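A short worksheet on the structure shown next.
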DNA sequence: GCGCTAATTAACGTAAATGTTAATGATTGG
DNA sequence: CCAATCATTAACATTTACGTTAATTAGCGC
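Protein chains in written order, with UniProt numbering: chain A, 1 to 107; chain B, 1 to 107.
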């Protein structure tokens with residue numbers, strides 16, 4: 001399985017997607033913090049985190065008994081790489097996305 | 001399931017990914033053409049195409065008994081939208097990807 | 001060292017995905 | 001209209017994914 005397919009696969013699950021988004025918004029968090037509000041056991045979250053690690057989407061840092069998680073750029077860059085390489089197929093319609101990236105690049 | 005998760009899910013399968021890439025490279029193709037070289041029955045490909053359609057990644061056009069497929073920008077734009085919105089998390093390292101998008105925008 | 005907490009891993013059950021072959025639907029050519 | 005072709009859908013078997021609870025591993029504080 002290629003890197004980008006592994007990343008797509010990891011993010012094709014709602015729980016894992018929400019974990020990544022939470023880490024992006026809130027920064028480094030312990031595994032335990034990621035359990036709350038998801039209506040799921042810690043064991044389940046732990047395995048989701050393993051999938052995300054193996055896809056290069058999150059990194060784990062050990063501190064005492066805690067495992068602190070952050071977003072890992074590797075998996076995201078694989079997605080960005082793929083997306084940019086296919087740009088011709090989504091930029092055509094000149095919509096708000098196209099505008100968005102143009103604005104960002106001008107800034 | 002959100003649009004982007006549906007797109008990630010559709011592209012998390014090697015066969016479906018290769019179908020999309022083939023349509024990008026070769027343009028419009030009949031369902032039958034997409035079976036060849038994949039070592040898989042037409043029925044299996046047909047269902048993969050259904051998944052891709054439902055994810056907004058390919059479009060189907062009927063011509064006689066043939067179903068002609070092309071890439072659909074909708075699913076791709078959902079991915080591009082997500083990717084761009086998370087740009088801060090993959091552009092940080094200022095690597096070749098960052099250079100690539102900059103070059104494209106200058107062009 | 002012992003107990004407590006944090007987290008992961010093991011064992012297991014169920015649901016979803018993916019392939020097969022067979023059957024069905026739809027269009028074309030003679 | 002009948003047969004042939006293209007494609008999809010149906011029915012089925014098998015594998016993979018995802019959740020649970022229980023057991024295990026690891027560090028901290030007393």
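Positions of the beta carbon are idealized from the N, C-alpha and C atoms, including for glycine.
Every value quoted in this text rests on a predicted model; they were computed, and no experiment measured them.
| query | result |
| --- | --- |
| Residue 3 of chain A, enclosing alpha helix (DSSP H) - first and last residue | 3-10 |
| Cβ neighbours of residue 6 of chain A in the same chain (closer than 6 Å, five flanking residues each side left out) | 55 |
| Distance CB(residue 49 of chain B)-CB(residue 10 of chain B) smaller than 8 Å | no |
| Beta bridge counterpart(s) of residue 92 of chain A as assigned by DSSP | In DSSP, residue 92 of chain A forms no bridge with anything. |
| Residue 55 of chain B (DSSP reduced to helix, strand or coil) | coil |
| Per-residue DSSP class, three states only, for residue 70 of chain B | strand |
| Contacting positions in the stretch 57-86 of chain A - beta carbon closer than 8 Å to chain B | 71, 73, 76, 77, 79, 80, 81, 83, 84, 86 |
| Residue 14 of chain B versus B:2, B:82, B:39, residue with shortest Cα-Cα distance | B:39 |
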